[in-house]
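The structure appears below as structure tokens.
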Amino acid sequence: MKLIARDIRKEMNGLLVLDGVSVQLDEGEFVTVVGPSGCGKTTFFNVLIGLATYDGGEIVYEGRGVENLRGLVAYMQQRDLLLPWRTLMGNVLIGPEIQGELNGETLTRAKELLSFFRLDSFSDMYPSQLSGGMRQRAALARTLMFGKDLLLLDEPLSALDAITRRKLQSYLLALSDRFGKSVLMITHDVEEALLLSDRIYVFSALPARVRRVIKVEMEKPRSIADRRFLELKEEILDELLEEVQNGS
Ligand SMILES: Nc1ncnc2c1ncn2[C@@H]1O[C@H](COP(=O)(O)OP(=O)(O)OP(=O)(O)O)[C@@H](O)[C@H]1O
Ligand SMILES: [Mg+2]
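Below you can see the structure in the form of structure tokens.
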């Protein structure tokens, strides 16, 4: 196993937010977490990357018990912003820069990535001059530039309209298919989870527990019109609806 988070428990100001959450990810897997809004997904993400403490449970990375995944993985936070005073290329190079690896090789890799994300003609522009979809692609390129083989993404496409979102999902698929990364992604979009994931964890309403784990066997790229796809989508939506109704 690449990553095991076992029985993670967290309280915030006396409120139980994570009620024994266990999530696993195999080498090369694309795993998503879906759950009702406010159920604790970002809190779980923050615990994993070390931006929040936790009160119980354990995290095992590549067979080794760790406090959190700081320095071991690359991550992209929800509503992640590019630095407005840096060009697109300047943003993409943040990883190598803070790792002290700014050299010809990383520069070449950054250029290749910008070209893959179809941003090569915009590398000297500033974030404010770019569309939302371009900024999200740049943020993905920046995350890849950290050179880690596990990526943690919290709603990486959340700020986008439906059509741009659909277009960018193929870039998310490329993270595992083309770049060979293991990915743990949080999303509230069931279709997106079904398009991309090898496995889906469905979280309950607050406090978060794993309500169900679904192995998605369909070959990728997938079609949202596929019968099995539609069945699974209905099932997951029903479970989420039930959670929201129980929770309120
Ligand atoms: N800064 C905060 N202060 C106090 N409570 C908070 C804070 N942030 C989150 N919470 C509590 O923790 C719960 C979980 O929040 P979290 O952001 O983890 O949910 P989420 O599943 O990521 O939601 P969303 O789908 O909207 O991104 C919230 O319902 C809220 O009660
Ligand atoms: Mg969140």
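Per the numbering used here: the sequence shown = residues 645 to 892. We treat Cβ as the ideally placed atom computed from N, Cα and C, and that holds for glycine.
Whether residue i touches residue j by CB criterion (8 Å)
i      : j      : result
Leu757 : Gly776 : no
Leu731 : Met769 : The sequence given here places Thr at residue 731; Leu does not occur at that position. Against a cut-off of 8 Å, the Cβ pair of Met769 and Thr731 comes out as a contact.
Tyr719 : Ile742 : no
Ile652 : Phe688 : yes
Val834 : Val678 : yes
Arg843 : Val857 : yes
Ala783 : Leu763 : no
Gly824 : Gly672 : yes
Val846 : Ser666 : no
Asn712 : Val691 : yes
Phe761 : Tyr705 : no
Ser848 : Glu887 : yes
Leu812 : Gln773 : no
DSSP state of residue i mapped onto helix, strand, coil
i      : result
Leu794 : strand
Glu875 : helix
Arg779 : helix
Ser826 : strand
Arg784 : The amino acid occupying residue 784 in the given sequence is Leu; Arg does not appear at that position. Helix, per DSSP.
Ala869 : coil
Ser802 : coil
Leu774 : coil
Lys864 : coil
Cβ distance (whole Å) where residue i is taken to contact residue j below 8 Å
i      : j      : result
Leu794 : Lys646 : 6 Å
Asp663 : Pro851 : 4 Å
Arg650 : Gly701 : 6 Å
Ser841 : Arg723 : About 22 Å separates the two Cβ atoms, so there is no contact after all.
Ala837 : Thr676 : 4 Å
Cutoff 8 Å: residue i Cβ touching any chain B Cβ
i      : result
Met789 : Any reference to chain B falls outside this structure, which holds one protein chain only.
Cβ-heavy atom distance, residue i to ligand 4, below 7 Å
i      : result
Gly682 : No copy of ligand 4 appears in this structure; the ligands present are ligand 1 and ligand 2.
Please specify which runs of the beta strand (DSSP E), each continuous and at least 3 residues long, are wholly inside the region 690 to 770, giving them in chain order.
700 to 705, 708 to 710, 718 to 720
Could you tell me which uninterrupted alpha helix (DSSP H) segments, each at least 4 residues in length, are contained entirely in the region 646 to 694, listed from first to last along the chain?
685 to 693
My parser needs the alpha helix (DSSP H) runs of 4 or more residues fully inside the region 826 to 860; what are they?
834 to 840
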